[in-house]
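Colleague: Got a structure for you, questions after.
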Amino acid sequence: MKKLFTYVVLAALMLVVSCGEVNEMVDAPLISELKTEYYVKQGSKLELEPNVVNDKNAAYVWTLNSQEVSKDKKYTFSPETSGEYKITLTVANNGGEAVHTINVSAYPKYKYGTFVLAEGNMTNETGTLSFIDHNGNAEDSIFIKANDGKKLGNTAQDLVIANGNLYIVSQNGTRNGGLGRLVIADAGTAELKAVIDEGFSGMTTNIAVPNDKYAFVVQWNGPMYIVDLVSNKVTGKVETTNRFSKMEMVVIDNNVYAAAGRKLVKVDGNTGDVLKETEMEGQIAGVVKTHANELKVLVTGAERVIWTISKENLLKLARKSLYDISVSSMMKRAFDAEAKSNAGFFILGNKGWSPGLITYTSADAGREIFSLPSADFPDAGMFYGPFSVNPETGNIYFGYVKGYGPDYLNNGVAVISPDGKKIMDYNSKNTDVAKRIDTRFCAGIYFTDPFSPHKSN
351 MKKLFTYVVL
361 AALMLVVSCG
371 EVNEMVDAPL
381 ISELKTEYYV
391 KQGSKLELEP
401 NVVNDKNAAY
411 VWTLNSQEVS
421 KDKKYTFSPE
431 TSGEYKITLT
441 VANNGGEAVH
451 TINVSAYPKY
461 KYGTFVLAEG
471 NMTNETGTLS
481 FIDHNGNAED
491 SIFIKANDGK
501 KLGNTAQDLV
511 IANGNLYIVS
521 QNGTRNGGLG
531 RLVIADAGTA
541 ELKAVIDEGF
551 SGMTTNIAVP
561 NDKYAFVVQW
571 NGPMYIVDLV
581 SNKVTGKVET
591 TNRFSKMEMV
601 VIDNNVYAAA
611 GRKLVKVDGN
621 TGDVLKETEM
631 EGQIAGVVKT
641 HANELKVLVT
651 GAERVIWTIS
661 KENLLKLARK
671 SLYDISVSSM
681 MKRAFDAEAK
691 SNAGFFILGN
701 KGWSPGLITY
711 TSADAGREIF
721 SLPSADFPDA
731 GMFYGPFSVN
741 PETGNIYFGY
751 VKGYGPDYLN
761 NGVAVISPDG
771 KKIMDYNSKN
781 TDVAKRIDTR
791 FCAGIYFTDP
801 FSPHKSN
C-alpha cells in the first residue's frame with residue numbers, strides 16, 4: 351500500500367512538472383540598439399552587438415547577403431571590397447522570433463582623405479604614393495601594395511583626382527623600373543588601370559584633367575600634350591609657341607589655366623585650343639582657384655602681387671601687393687588659397703636662399719605663421735614640395751626632408767593649423783605605422799572631394 355501511494359505521488363509530481371513546462375509562457379525576443387544603415391570604409395571593422403530582450407534560451411543567426419555567417423550574439427563585419435551588403439539578424443525562442451535587417455554601404459578605402467605623392471630618388475628609385483584617411487591614419491606605399499609591386503614612374507611630379515581615377519605624371523617614366531610617364535589608377539583602390547608612355551618627350555611635370563575625354567600634360571619649359579582618355583594615347587600638342595612652366599594647373603568650367611613663364615594661358619578642355627592668354631608684369635609663381643572658383647595668380651619680380659583674374663577673358667580685375675612678404679621661386683606652387691575664403695592666402699617664402707617660412711595674407715598686412723627650423727618638427731630641415739591647404743579643415747600640409755645626402759631618408763609630412771600650430775608629424779622614422787609616411791622628396795599633397803564622409807551624408 352505504501353509503495354502504491356509512493357508511485358501515485360511521483361506520478362502526480364511528474365504530471366505537474368510536465369504541465370508546467372508545456373504551459374510556461376515565453377515572450378518573443380525584441381532587438382534594439384542596432385541601426386538599419388551603416389556607411390563604412392572598405393577593410394574596416396563594423397562591430398555589431400545588439401541589445402536583445404527576452405533572449406533566454408534563444409538562438410542567434412546572422413546572415414550576410416542571405417548566407418549564414420555566425421550563430422554568436424555578436425558579429426563583426428569587415429568588407430573586403432566596396433559595395434552594398436545586406437546583414438540580417440534573426441533571434442528565436444519558443445515565444446517567436448525577431449528579425450532585424452541592416453544595409454551596409456562600404457565605400458572604397460581611399461575615397462576620403464589625403465594622397466601624398468613622392469618623387470623618390472631620381473638615381474635609383476621611383477615615385478611612391480601614400481594616403482592619410484580622414485581620421486588621420488596613414489598608409490605608406492599604397493600603389494605598390496595594390497599592384498603586386500608595380501611601381502610608379504621615376505621622379506613622380508603631379509597627381510589629379512578626376513573621373514573616379516588618379517592620374518599620376520612622372521618626369522622620367524620607365525627609368526629604374528617605373529611603369530611610365532602617365533599612370534592611371536582607380537581613386538578608391540589605387541589599382542592600376544592604364545599606362546601611357548609613348549608620345550611624350552622631355553621632362554613631363556604637370557597634368558590637368560578637365561573632363562573624361564582629355565587630359566593635358568606639361569613638359570617642363572616645353573609643350574602641352576593632349577592625351578585622349580578614351581584611347582589612352584597622346585594625340586597631339588596644344589598649338590602655341592608658349593613654353594609651359596613646371597607648375598600646377600587649374601581647371602575651371604572645363605577650361606585649363608596654365609603658366610608659361612610670364613604668361614597665363616587658357617586652354618579649351620574639349621578641343622585643346624588656346625582660347626586666351628595674357629602677360630603678367632613678372633614671373634608667375636602660382637595659379638590657384640578659390641572655393642568660389644575665382645582665379646588667382648601670384649606674380650614675382652620687382653613687385654610681388656596677387657592678381658584676381660577673370661576666368662572668361664583673363665582680364666586683371668584686382669590686385670593685392672605683397673610689400674612685406676617674400677615669395678619662393680623654387681616651388682611649382684608657392685601659394686594656396688585659405689579654405690572657404692576668397693581673400694586669404696598662404697604663401698611659401700624664402701628664408702635665406704631656400705624656402706623656409708609660411709606667411710598668411712588677406713586684406714590686412716601679411717604675417718608669418720610658421721618657419722623652419724621648428725622645435726615641433728625637429729627632423730624638418732627644409733621644405734620640399736608644394737604645400738597644400740585642406741579645403742575642409744583649413745589645415746596646412748607640407749612635405750620636408752632633414753637634408754640632402756643620406757638625410758633625405760629622414761623625411762615626412764607636417765600638418766599645422768591655419769595659425770601655425772602643430773597638428774601632426776608623419777615622419778618616415780615613426781614607430782607607429784599609422785603615423786608614418788616615407789615621402790622621399792614630396793611632389794605634392796592632394797585632397798579628395800569631399801575630404802570627409804561626414805560632409806557627404
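Using my numbering, read the sequence shown as starting at 351 and increasing by one per residue.
Note that beta-carbon positions come from the ideal geometry of N, C-alpha and C, so glycine has one too.
Note that the structure is predicted; figures quoted are calculated from it, not measured.
(1) Out of V454, L467, N571, V577, which one is the CA nearest neighbour of A793?
(2) Just mark Y575 as buried or exposed, buried being the case when its beta carbon has 16 or more other beta carbons within 10 Å.
(3) Kindly give me the distance between the Cβ atoms of S778 and G762, rounded to whole angstroms, as I take these residues to be in contact under 8 Å.
(4) Go through the region 415 to 467 residue by residue and report every complete run of the beta strand (DSSP E) that reaches 3 residues or more, in order.
(5) By DSSP, does P803 sit in helix, in strand, or in coil?
(6) With which residues is N497 paired in a DSSP beta bridge?
(7) On a CA-only basis, which of N582, L516, Y564 is nearest D547? Give me that one, please.
(8) Less than 7 Å separating the beta-carbons of I602 and K563?
(9) Have a look at V533 and P400 and give me their C-alpha separation to the nearest angstrom.
(10) Applying the 10 Å Cβ sphere with the 16-neighbour rule, what's the burial state of N373?
(11) From M732 to G753, what distance separates their C-alpha atoms?
(12) So, with DSSP's three-state summary, where would you put N522?
(13) Could you have a look at A687 and say whether DSSP puts it in helix, strand or coil?
(14) State the DSSP-derived secondary structure class of I787, mapped to helix, strand or coil.
(15) CB-CB under 6 Å to M630, same chain, minus the five flanking residues each way: which ones, in chain order?
(16) Taking all protein chains shown into account, decide if P379 is buried (16 or more other Cβ within 10 angstroms of its Cβ) or exposed.
(17) Rounded to a whole number of angstroms, what is the C-alpha to C-alpha distance between G699 and A456?
(18) Does the beta-carbon distance from N504 to S520 come in below 7 Å?
(19) Return the CA-CA distance between H484 and Q392, expressed in angstroms with no decimal places.
(20) Are three or more beta carbon pairs between the region 462 to 476 and the region 399 to 415 nearer than 8 Å?
(21) Rounded to the nearest angstrom, what separates K459 and S432 at their Cα positions?
(22) In the DSSP assignment, what are the bridge partners of V739?
(23) Mapping DSSP to helix, strand and coil, what is P705?
(24) At the level of alpha carbons, what is the spacing between S678 and A635?
(25) Could you check which residue in A442, P800, L614, A540 has the C-alpha nearest to that of E489?
(26) Along the beta strand (DSSP E) that carries E344, what are the first and last residues, could you check?
(27) What's the gap between the Cα of E371 and the Cα of N407?
(28) Smallest Cα separation from N643: which of S691, T628, R654?
(29) What residue does the beta strand (DSSP E) around S382 start on, and which one ends it?
(30) Within this structure, are the beta carbons of M597 and V606 separated by less than 7 Å?
(31) Judging by CA-CA distance, which residue of W657, H641, E653 is the nearest neighbour of V647?
(32) When the Cα atoms are used, what is the spatial distance from S724 to D775?
(33) Taking the alpha-carbon of A512 as reference, which of G499, V765, V559, G527 has the nearest alpha-carbon?
(34) Buried or exposed for S721, please, with buried defined as at least 16 other CB atoms from any protein chain shown within 10 angstroms of its CB.
Modeller: So, from the listed chains and residues:
(1) Start at 1 with the first residue of the sequence shown, and residue 793 comes out as number 443. For the set V454, L467, N571, V577, the Cα lying nearest the Cα of A793 is the one of L467.
(2) Position 225 of the sequence shown, counted from the first residue, corresponds to residue 575. Buried, since its Cβ has 16 or more Cβ neighbours within 10 Å.
(3) Locating residue 778 in the sequence shown gives position 428, where the first residue counts as 1. Locating residue 762 in the sequence shown gives position 412, where the first residue counts as 1. Rounded, the Cβ-Cβ distance is 6 Å, consistent with contact.
(4) 417 to 420, 425 to 427, 433 to 443, 446 to 457
(5) If you number the sequence shown from 1, residue 803 lands on position 453. P803: helix per DSSP, three-state reduction.
(6) Working through the sequence shown from its first residue, we reach residue 497 at position 147. According to DSSP, N497 bridges with nothing at all.
(7) Taking the first residue of the sequence shown as 1, we reach residue 547 at position 197. Minimum Cα distance to D547 is reached at N582.
(8) Residue numbering aside, residue 602 sits at position 252 when the sequence shown is read from its first letter. Residue numbering aside, residue 563 sits at position 213 when the sequence shown is read from its first letter. No; because the gap between Cβ atoms is not below 7 Å, this pair is not in contact.
(9) Start at 1 with the first residue of the sequence shown, and residue 533 comes out as number 183. Start at 1 with the first residue of the sequence shown, and residue 400 comes out as number 50. Rounded to the nearest angstrom, the gap between the Cα atoms of V533 and P400 is 46 Å.
(10) As a first step, residue 373 must be located in the sequence shown, where it is residue number 23. Unreliable positioning characterises N373 in this predicted model, as indicated by a pLDDT of 43, which lies under 50. A coordinate reading is not provided.
(11) Within the sequence shown, the letter at position 382 stands for residue 732. Within the sequence shown, the letter at position 403 stands for residue 753. Going from the Cα of M732 to the Cα of G753 covers about 7 Å.
(12) Within the sequence shown, numbered from 1, the residue matching residue 522 stands at position 172. Annotated three-state conformation of N522 is strand, per DSSP.
(13) The residue labelled residue 687 in the question sits at position 337 within the sequence shown. Strand, per DSSP.
(14) Start at 1 with the first residue of the sequence shown, and residue 787 comes out as number 437. If DSSP states are grouped into helix, strand and coil, I787 belongs with coil.
(15) Here residue 630 refers to the residue found at position 280 of the sequence shown. Excluding sequence neighbours, M630 sits near R612, V649.
(16) As a position in the sequence shown, residue 379 is number 29, starting the count at 1. The residue is buried, with at least 16 neighbouring Cβ atoms inside 10 Å.
(17) Translated into the one-based positions of the sequence shown, residue 699 becomes position 349. Translated into the one-based positions of the sequence shown, residue 456 becomes position 106. If I take the Cα positions, the gap works out to 42 Å.
(18) On the sequence shown, residue 504 is found 154 positions in, with the first residue counted as 1. On the sequence shown, residue 520 is found 170 positions in, with the first residue counted as 1. Contact flag set, yes.
(19) As a position in the sequence shown, residue 484 is number 134, starting the count at 1. As a position in the sequence shown, residue 392 is number 42, starting the count at 1. Approximately 14 Å, taken between the alpha carbons.
(20) no
(21) Within the sequence shown, the letter at position 109 stands for residue 459. Within the sequence shown, the letter at position 82 stands for residue 432. Computed Cα separation, rounded: 8 Å.
(22) In the sequence shown, residue 739 corresponds to position 389, counting from 1. Per DSSP, I746.
(23) In the sequence shown, counting from the first residue as 1, residue 705 sits at position 355. Three-state result, P705: strand.
(24) Stepping through the sequence shown from its first residue, residue 678 is reached at position 328. Stepping through the sequence shown from its first residue, residue 635 is reached at position 285. Cα to Cα, S678 sits roughly 8 Å from A635.
(25) Within the sequence shown, the letter at position 139 stands for residue 489. Looking at A442, P800, L614, A540, the one whose alpha-carbon comes closest to that of E489 is A540.
(26) For the chain, the structure presents residues 351 to 807; residue 344 sits outside this window and is missing.
(27) In the sequence shown, the residue the question calls residue 371 occupies position 21. In the sequence shown, the residue the question calls residue 407 occupies position 57. Legend: pLDDT at E371 = 46, less than 50; position of this residue unreliable, value from coordinates given subsequently. Those two C-alpha atoms are separated by around 14 Å.
(28) Translated into positions along the sequence shown, residue 643 becomes position 293. Taking only the C-alpha atoms, the option nearest N643 is S691.
(29) Sequence index remark: in the sequence shown, residue 382 carries index 32 (1-based). From DSSP, the beta strand (DSSP E) with S382 extends over 380 to 382.
(30) Sequence index remark: in the sequence shown, residue 597 carries index 247 (1-based). Sequence index remark: in the sequence shown, residue 606 carries index 256 (1-based). It is not a contact, given that the beta carbons lie outside the stated cut-off.
(31) In the sequence shown, the residue the question calls residue 647 occupies position 297. Checked all of W657, H641, E653; the closest Cα to V647 is W657.
(32) If you number the sequence shown from 1, residue 724 lands on position 374. If you number the sequence shown from 1, residue 775 lands on position 425. Cα to Cα, S724 sits roughly 12 Å from D775.
(33) Residue numbering aside, residue 512 sits at position 162 when the sequence shown is read from its first letter. Measuring from the Cα of A512, the nearest candidate turns out to be V559.
(34) Position 371 of the sequence shown, counted from the first residue, corresponds to residue 721. Exposed is the call here.
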